[in-house]
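What follows is a set of notes on a single structure, which appears directly below.
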Ligand code: Q46
Ligand code: ZN
Ligand code: ZN
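In our numbering, the protein residues as written are 38 to 352.
Quick look at the structure:
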């Protein structure tokens, strides 16, 4: 097995690209896929202030590493979710990575700052753990981005994640979710633009990137992920991919190119005006935001968003 570029010994074969790469050229390939996603979807400019959400897992650390390697000035944000030992250990991986590369990491611990954790929050709000967790993370992403005047929030969602979400949304024809299924969610009401630069790379490629680049990451899965329906969708797509390499990429990227525009009407509704939350001041459709309601039910305390300047960004 030889590298497609230098003909040296290859360390990985990528069936959907019909290519093999040595370590160095595989790292370069991943960088190029990220560069391509950034320009294809017009994600951000070199002058934008970037914040990447890191979990301590392979995807977000690989993304941070790639962007740093490409010369972007990008800070990290880690959120401690209070999920047993998992949160403590994953936070250590994030800190270790930031220290090793001299990068700035903002660390938010929801138990210390808000007085609740994801297991309690999900029980109190009668939401599935991933739903309570996702809402908490989105709120804190927005809060830290607003307080730090970041223009763009980046997440490490990869091709497998996006294809699995699309699969679920199509299975149930959730048109409002399909409207949001894009690697770029525009800025609105002062909230930062949200982008997913790993949409051209899959899970196996991200794990291989970390191994080849020498990035130490949290291998354990979140204990609350069990039963998450997206894991079943990933399994289904993986069996299709094994029989027909390239299917996942075609499913997701052809949706973006050929079908996403059918759902633009629903996307427009999502851009309606937002008001400051009565409790924390974060933008919300009306009254008290869903996050503050969850914190309240879980017996915690909402933290007001501290704006250093008035939000001025437009979609
Ligand atoms: S951390 Fe949170 Fe994930 Fe754990 S509870 Fe679910 S959403 S699985 S990325
Ligand atoms: Zn090579
Ligand atoms: Zn609120």
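Think of the CB as a built atom: it goes at the ideal place given N, C-alpha and C, for glycine as much as any other residue. Remember, it's a predicted structure, so these values are computed and weren't measured experimentally.
Item, Value
"C-beta atoms of residue 94 and residue 254 nearer than 7 Å", "yes"
"Span of the alpha helix (DSSP H), counted from its first residue to its last, around residue 208", "196-208"
"Opposing strand residues paired with residue 253 [DSSP bridges]", "For residue 253, which the question treats as bridged, DSSP gives no partner whatsoever."
"Assigned secondary structure, residue 300 (DSSP; H/G/I helix, E/B strand, else coil)", "helix"
"Contact under 7 Å by Cβ, residue 270 with residue 182", "no"
"Contacts around residue 176, its chain only, beta-carbon distance under 6 Å, and the 5 residues preceding and following it disregarded", "328"
"Simplified DSSP state of residue 116, which is helix, strand or coil", "strand"
"Residue range of the alpha helix (DSSP H) that includes residue 279", "266-280"
"Touch test, the region 145-164 against the region 53-71, Cβ-Cβ under 8 Å, three pairs minimum", "no"
"Which of helix, strand or coil DSSP assigns to residue 338", "coil"
"Buried or exposed by the 16-neighbour rule on C-beta atoms within 10 Å, applied to residue 38", "exposed"
"Contact check, residue 261 vs residue 96, beta carbons under 7 Å", "no"
"Residue span of the alpha helix (DSSP H) that contains residue 212, given as start and end", "212-217"
"For residue 49, the residue or residues it bridges with in DSSP", "58"
"Ligand 1 site residues, beta-carbon cut 5 Å against heavy atoms", "166, 167, 170, 259, 261, 262"
"heavy atom of ligand 2 below 6 Å from residue 247 C-beta", "no"
"Validate contact between the region 290-302 and the region 215-231 using beta carbons, cut 8 Å, 3 pairs", "yes"
"Assigned secondary structure, residue 85 (DSSP; H/G/I helix, E/B strand, else coil)", "coil"
"In chain order, each alpha helix (DSSP H) run of at least 4 residues that lies wholly inside the region 141-190", "147-151, 155-161, 166-184"
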